[in-house]
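Participant:
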Amino acid sequence: MSTAIKIRDINKSYGSLQALADINLDIKKGEFFGLLGPNGAGKSTLIGILGGLVKKDSGSVTVLGKDIIKNYRETKKSLGIVPQEITFDPYFTVRETLEIHSGYFGIKDNDEKIDELLEALSLTDKSEIGPRQLSGGMKRRLLIAKALVHDPEIIVLDEPTAGVDVELRNSLWEYVISLNEEGKTIILTTHYLEEAEALCDRIAIMNKGKIVKVDTKENLINSIDKKLIKIQFAEAAHGLDEELLEIDFNLKNNKREIEIETARQDLDKILKKINDLNLEIVDIDIESAKLEDVFIKLTNLGGDDN
Amino acid sequence: MTINSITFLSLVRREVARFTKVAIQTIFAPLISTGLYLIIFSYSFQNREVAGYGVPYISFIVPGLIMMSLIQNSFANTSSSLIGAKYNGIIIDFLLAPFSYIELSLGFMIGGMVRGLLVGTVTYLVSIYFYGGAIAHPLLALFFAVLVSSIFSLFGIIAGLWAEKFDHVSIFSNFFITPLTFLSGVFYSVKGLPGIWSEVSLFNPVFYMVDAVRFAFIGQSDISPYFSALIISSLAVFLLVVVTYLFKIGYKVKS
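Taken in order, these protein sequences are the chains called E and F. Counting in numbering that gives the first Met the number 0, the first sequence runs from 0 upward without gaps. Counting in numbering that gives the first Met the number 0, the second sequence runs from 0 upward without gaps.
#1: Is Ser287/E close to chain F? Criterion is C-beta to C-beta, closer than 8 Å.
#2: Buried or exposed for Ser233/F, going by 16 or more other Cβ atoms inside 10 Å?
#3: Under 8 Å, Cβ to Cβ, is there at least one residue of chain E near Leu249/F?
#4: Is Glu30/E buried or exposed, if buried means 16 or more other CB atoms sit within 10 Å of its CB?
#5: Grab me the residues of Gly218/F's own chain with a C-beta within less than 8 Å of its C-beta, minus the 5 sequence neighbours each way, in chain order.
#6: With a threshold of 8 Å between beta-carbons, can Tyr174/E be considered close to chain F, or not?
#7: Do Ile157/F and Val242/F have their CB atoms nearer than 8 Å?
#8: Restricting to runs no shorter than 3 residues, where is the beta strand (DSSP E) found entirely within the segment 101-188 of chain E?
#9: Mark Asp304/E as exposed unless 16 or more other C-beta atoms lie within 10 angstroms of its C-beta, in which case mark it buried.
#10: Identify each residue in the segment 63-79 of chain E for which the Cβ-Cβ distance to at least one residue of chain F is less than 9 Å, and report them in chain order.
#11: Step through the CB atoms of chain E and report whether any lies within less than 8 Å of the CB of Thr6/F.
#12: Going by alpha carbons, who is nearest to Ile31/F out of Leu64/F, Phe186/F and Ile2/F?
#13: Rounded to whole angstroms, what is the Cα-Cα separation between Asn252/E and Glu217/E?
#14: Would you call the CB atoms of Ser99/F and Arg72/E closer than 8 Å?
#15: I need the DSSP call for Leu276/E, collapsed to helix, strand or coil.
#16: How about Ile99/E and Ser9/F: are their beta carbons less than 8 Å apart?
#17: Which residues in the same chain as Ser335/E place their Cβ atom closer than 7 Å to its Cβ, once the five residues preceding and following it in sequence are excluded?
#18: What residues match up with Glu260/E in a beta bridge as DSSP calls it?
#19: Which word fits Gly155/F, buried or exposed, when buried means at least 16 other C-beta atoms lie within 10 angstroms of its C-beta?
#20: How close, in whole Å, do the beta carbons of Lys226/E and Thr261/E come, if the pair is a contact with beta carbons under 8 Å?
#21: Hey, Tyr130/F and Ser58/F are a contact pair by Cβ (cut 8 Å); roughly how many whole angstroms apart?
#22: Cβ closer than 7 Å: which chain E residues qualify as neighbours of Ile91/F?
#23: Within 8 Å of any Cβ in chain E, is that where the Cβ of Pro97/F sits?
#24: Less than 8 Å separating the beta-carbons of Leu171/E and Thr160/E?
#25: Taking a contact to mean a Cβ-Cβ separation below 8 Å, would you say Gly83/F touches Val11/F in this structure?
#26: May I have the straight-line CA-CA distance separating Asp114/E from Gly105/E, to the nearest angstrom?
#27: Is Ser220/F buried or exposed, if buried means 16 or more other CB atoms sit within 10 Å of its CB?
#28: For the alpha helix (DSSP H) containing Ser59/E, list its first residue and its last residue.
#29: Of the residues Leu103/F, Phe216/F, Ala235/F and Val236/F, which one's Cα is nearest the Cα of Tyr52/F?
#30: Can you give the Cα-Cα distance for Ser254/F and Gln71/F, rounded to whole angstroms?
#31: State the DSSP-derived secondary structure class of Arg72/E, mapped to helix, strand or coil.
#32: Between Ile60/F, Ala96/F and Ser41/F, which has its C-alpha nearest His149/E's C-alpha?
#33: Taking its Cβ as the centre, do 16 or more other Cβ atoms sit within 10 Å of Val21/F, making it buried, or is it exposed?
#34: Counting only C-beta atoms, is Lys138/E closer than 8 Å to chain F at any point?
#35: So, are the CB atoms of Asp210/F and Ile222/F less than 8 Å apart?
#36: Helix or strand or just coil, what does DSSP make of Glu14/F?
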């Protein structure tokens with residue numbers, strides 16, 4: 000798989016605040032890549048550098064092998080960036096906005112693509128009205144349509160579903176997944192970690208201007224050695240307290256339910272002990288760690304400095 | 000410094016469509032003030048001639064009034080377009096799109112020129128009722144009008160990029176453009192000014208614009224129209240270079 004975006008030694012400071020420090024990152028062509036991090040981690044600054052909105056202090060970025068400074072016109076044509084902030088041109092209708100935007104990217108008579116986007120983003124019936132009359136979610140979808148109007152090879156979505164209701168969010172993801180399946184590279188930043196977990200192949204986690212981890216979603220999740228066992232018994236599980244003395248657990252519902260958080264290697268030992276009690280088990284569920292756990296661990300959001 | 004015709008023309012189209020969508024405010028409103036000048040001066044000074052010119056006062060001031068409309072509207076178009084784009088956040092549309100820096104400069108500039116020339120033309124059409132409409136050198140008038148509108152469109156881009164809020168644009172308007180225009184000889188002949196003021200006026204670039212257009216209209220001017228053409232052309236080229244450089248460095252639009 001060839002490289003879509005190559006970021007090398009990027010640094011960016013705003014006065015004394017170092018927004019990005021020695022960022023190195025490769026994003027492969029056709030990937031669905033997640034860029035996660037808490038507020039102020041530097042995600043939007045990095046995207047801004049990619050799109051030419053922010054001036055980097057040092058380092059280099061190439062898009063499909065072209066330098067974003069030397070060959071900025073070509074790299075901009077390859078990128079479709081959906082910014083985080085909702086912006087709109089109050090003078091033009093939805094359709095006019097997309098026509099003008101097509102023109103900016105050198106495309107004339109782009110009606111077919113515009114109709115496709117309006118349909119995919121559920122804006123067809125709003126095409127002749129001005130953006131002031133659109134709801135927040137519709138304005139965000141217009142932003143997405145603007146970013147896709149020139150059919151870019153790399154699509155960067157900076158918090159694209161903030162303020163978009165669940166139904167439209169799902170239809171938006173279906174459309175983005177179909178674009179990814181066509182071979183488009185997708186880069187996503189989102190606060191909804193379950194979205195990143197469901198969609199992304201690889202994820203970079205940023206914190207305080209640095210990339211703290213880049214790996215496949217599976218590897219990231221497996222890096223957290225945690226299993227959550229939930230067992231429902233037919234009747235109150237007396238005797239468990241004594242049997243599981245050395246284990247952290249939580250009894251619920253008059254001792255009819257137990258939740259145990261444990262490491263993978265202890266799974267077998269715990270299940271055997273429960274089995275030895277000859278309790279009738281109604282239901283059992285074993286959950287693995289979630290991306291959220293990885294995120295909290297790597298960004299220290301849980302407050303643990305170790 | 001290449002120009003992609005579709006990309007470039009799309010920006011021009013956007014800039015022209017932006018002001019024509021609010022034509023009452025952008026084209027017809029300026030006519031009211033200029034129309035009032037024409038009415039007041041044509042009736043107040045109908046029997047007066049300007050010393051050394053031998054033409055009715057109204058014929059003398061019409062070229063200046065047309066220039067004034069053209070200057071104010073060219074400037075207003077680009078400055079309001081850019082500060083509006085910054086305010087609405089759509090300035091990023093121009094940064095994310097593959098515009099070359101010269102395309103951005105020329106695209107915004109032509110949008111401003113179209114508005115300036117349109118208002119100037121309508122002002123001229125109205126002025127025909129007051130002075131008859133004769134133009135001694137029509138092509139020269141058009142040439143100067145194009146140059147002057149380009150200068151103030153470019154000046155408007157600088158103001159729009161520099162300004163952080165709408166009030167800042169009015170600083171340019173109130174403290175530079177209006178005084179320079181009113182003191183440029185729109186309403187009087189600079190040659191007739193007392194003492195040093197005649198020489199001081201030569202440092203006002205708007206003087207050369209008004210004087211050159213007056214030559215094109217009535218065939219007479221305070222100084223050589225060729226010298227004025229040189230000054231105006233040089234200023235236009237200089238401002239185009241400055242504006243293109245400002246877009247290149249992302250002056251006040253890139254962080």
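Where is the CB? At the ideal position from N, CA and C, for every residue including glycine.
Facilitator: Taking the structure as given:
#1: no
#2: exposed
#3: It should be noted that the sequence gives Gly, not Leu, for residue 249/F. At least one chain E Cβ lies under 8 Å of Gly249/F.
#4: buried
#5: Ala135 and His136
#6: no
#7: yes
#8: 153-157 and 184-188
#9: Its pLDDT being 42, under 50, Asp304/E is placed unreliably in this model, and the coordinates cannot settle the point.
#10: Tyr71, Arg72, Glu73, Thr74, Lys75, Lys76, Leu78 and Gly79
#11: yes
#12: Leu64/F
#13: 34 Å
#14: yes
#15: coil
#16: yes
#17: Since the first residue shown for chain E is 0 and the last is 305, residue 335/E is missing from the structure and cannot be characterised.
#18: Leu227/E
#19: buried
#20: 6 Å
#21: 5 Å
#22: Leu52, Pro82 and Thr86
#23: yes
#24: yes
#25: no
#26: 18 Å
#27: buried
#28: It is not in any alpha helix (DSSP H) - Ser59/E instead sits in the beta strand (DSSP E) that spans Ser57 to Val62.
#29: Phe216/F
#30: 30 Å
#31: helix
#32: Ala96/F
#33: exposed
#34: no
#35: yes
#36: helix
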